[in-house]
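Shown next, in C-alpha cells, is the structure this report addresses.
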Amino acid sequence: MRLEFYKVRLPFKSPFTTSFGTEDERVGYVFTLENEGIRAFSECVTSEAPLYSYEDNDTAMHVIRKFLAPMISGLPTPDEFTARAQAIKGHNMAKAALEMLLWDYHAKAEGRPMHQYIGESKGYADVGISIGIDRPENLLKAVEAAVQRGYRRVKLKIKRGMEHQILGPVRDRFPDIVLSADANNDYTLKDLDVLRSLDRYNLVYIEQPLDHEDIIDHAKLRKEISTPICLDESITSPDKARKAFEVGAADVINIKPGRLGGFGPSLEVVRIVRENRAHCWVGGMLETGIGRAFNVAFASLRDVDYPGDTSPNDKYFERDIVLNPFSMEDGRIRPNAGPGIGVTVDMQYLRRMSVDYGYITV
Ligand code: OSB
Ligand code: MG
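Here it is as C-alpha cells:
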C-alpha cells in the first residue's frame, strides 16, 4: 500500500501574526491513501519553523517516514496505531497525521460521517475567530466584521508590551462581546502586574500566557488573577491535562488534535475536562480544508462546550484545496454529512499547489 504525501503551499488572504511570528501562507503535508476503493485524507499541522512547538514539517516527515508509516501497515484502528506508536517519544503532530488518516479511513469503511463516528455530536460547531496582531484601527475593523458575520467569540492575539493597545480599543468599542486573548507563551511570572491588569477587560479566558511546557507557574498565576486560564501549548497529552487540573493550572483547555497526537487522546482530554467540570474548545493551526474538516467534526461534539477557532475556509484562503468549503450561519458550522471527513479534494489544484509529492510503501 502507498502512503502518499503532498507538501502543499497555499497563500493566505492576509498575513497572520502571533507573538512568535508572521505567516503568509500555509505550508504543510497532506496525506492520502487508497485501499479497497476507499480514499482517506489527513493533514499534518506542523509548519516550516518550530515556533509553536518543537515539531516542524521536516521533523514530522522524518519521523513518519522512518518510524510511524510502517505502523499503519494493515490499517489498524486508530487506538491500535496509538498503542504501536507509544514507544516513540513526542512527535504528536506526526502521530496525529497518521492517526487521523486512520480515523478517516475507518469512518469511510463503515460509511459514517466523522462527527457521528467519534462520539455524540450536536450536528453543528459553535465558531469563534482568531484575529492576528495588527494595528488598532485594523483590529477594530476586523472585530466589527467578525461581529457582523456572527462569530460567537472573538480571540485577539496579544504580545508582551502590546496587550493594552490591542485589547483596550476593542473592549471599549465592543463592551459586550465574548472576548479572549492568546499570548502564545509570551509572558513569565515577572509580568504578573501586567497580566493582572488584563482583568479589567473581562476576558472569557487568557490563552497560554506562560511557558509552552509549564503548568506550575500557570497554577500560581491562576491564584493571582481573576481572568480564567486556558491552556493550549502546555497540554500535549491526557496526562498533562489531568495534572493541569490537579495543580489548578487551568479553567479551560484548547484541544488541538494535532498537538495531542490525534482524536483518540483528544477524546480522552474531553473526558478529563468533564470530570473536572472545566471547559474546552477546538483550536486551529491555520489548516487547509482537510485539517479543518477534522476540527469541525470534533468541535461539534456535545462535550466541547465553548466556541472554537474553526472559521470557515474563506477566512484564510481565496481558494482552498477542497471543493466543499464550510459556510457559517448564525456563528455555527455544520460538519460534512458525507462519509469520514466528507471533503471533496480538488486533486488537480492540490497537485498544482504542491511543492513536493511522494509516497512511502507501507
Ligand atoms: O495558538 O491557537 C494558536 C494559529 C497557529 C498557531 C497557533 C495558534 C493559531 C491560532 C489560529 O490561533 C487558529 C486558526 O484559526 O486556525
Ligand atoms: Mg493558542
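For what it's worth, the working numbering labels the leading residue of the sequence shown as 3, then goes sequentially.
Ideal placement from N, C-alpha and C gives every residue a C-beta, glycine not left out.
What you are looking at is a predicted structure, and each value in this text was computed from that prediction instead of being measured.
Pairwise C-alpha distance: residue j and residue i
{"i": "I208", "j": "K222", "result": "14 Å"}
{"i": "L141", "j": "V149", "result": "12 Å"}
{"i": "K15", "j": "D322", "result": "11 Å"}
{"i": "Y308", "j": "I257", "result": "11 Å"}
{"i": "S228", "j": "N204", "result": "9 Å"}
{"i": "E377", "j": "E27", "result": "Coverage of the chain is limited to positions 3 through 364, which leaves residue 377 absent and any answer about it impossible."}
{"i": "I120", "j": "H64", "result": "29 Å"}
{"i": "Q88", "j": "T19", "result": "34 Å"}
{"i": "R155", "j": "L181", "result": "6 Å"}
{"i": "G360", "j": "I66", "result": "13 Å"}
{"i": "D136", "j": "P171", "result": "12 Å"}
{"i": "H117", "j": "A295", "result": "10 Å"}
{"i": "F265", "j": "M349", "result": "25 Å"}
Integer Cβ distance of residue i from residue j, believed to fall under 8 Å
{"i": "R304", "j": "K124", "result": "6 Å"}
{"i": "G1", "j": "D311", "result": "Outside the displayed span of the chain (3 to 364) sits residue 1, for which this structure offers no information."}
{"i": "P80", "j": "L104", "result": "5 Å"}
{"i": "D184", "j": "S132", "result": "7 Å"}
{"i": "I335", "j": "A127", "result": "5 Å"}
{"i": "Y8", "j": "L325", "result": "Incorrect: roughly 16 Å between the Cβ atoms, too far for contact."}
Given residue i as reference, the closest of the options once Cα atoms are compared
{"i": "G263", "options": "L70, P314, K225", "result": "L70"}
{"i": "G293", "options": "R198, H281, D253, N338", "result": "N338"}
{"i": "T34", "options": "R137, Y107, D188", "result": "Y107"}
{"i": "E331", "options": "A144, V129, G286", "result": "V129"}
{"i": "P267", "options": "A42, Y31, N94", "result": "N94"}
{"i": "L191", "options": "P177, D219, V172", "result": "D219"}
{"i": "V32", "options": "G163, F43, G23", "result": "F43"}
{"i": "E1", "options": "P17, S199, V10, T24", "result": "No answer is possible for residue 1: it lies beyond the span of the chain, which begins at 3 and ends at 364."}
{"i": "A243", "options": "V306, R224, F265, I217", "result": "I217"}
{"i": "E122", "options": "A246, G134, R162, L269", "result": "L269"}
{"i": "Q210", "options": "N315, D348, Y189, C282", "result": "Y189"}
{"i": "G92", "options": "E226, V249, D58", "result": "D58"}
CB contact below 8 Å: residue i versus chain B
{"i": "S329", "result": "In the structure shown, chain B does not exist; there is a single protein chain."}
Next item on the list: Tell me, please, whether the stretch 249 to 268 touches the stretch 85 to 98 by the rule of three or more beta-carbon pairs shorter than 8 Å.
Entry: The stretch 249 to 268 is in contact with the stretch 85 to 98.
Check: Do the stretch 161 to 177 and the stretch 333 to 352 meet, that is, are 3 or more Cβ pairs less than 8 Å apart?
Finding: Output reads no: the stretch 333 to 352 does not touch the stretch 161 to 177.
Item checked: Stretch pair the stretch 47 to 61 + the stretch 70 to 89: three plus CB contacts closer than 8 Å -> Look at the beta carbons and you see the stretch 47 to 61 not touching the stretch 70 to 89: under three pairs across the two are nearer than 8 Å.
Notebook entry, point to check: Any residues whose CB sits closer than 6 Å to a heavy atom of the ligand MG? List them in chain order?
Noted result: Residues flagged by the Cβ proximity filter: D184, N186, E209, Q210, D234, N256, G285.
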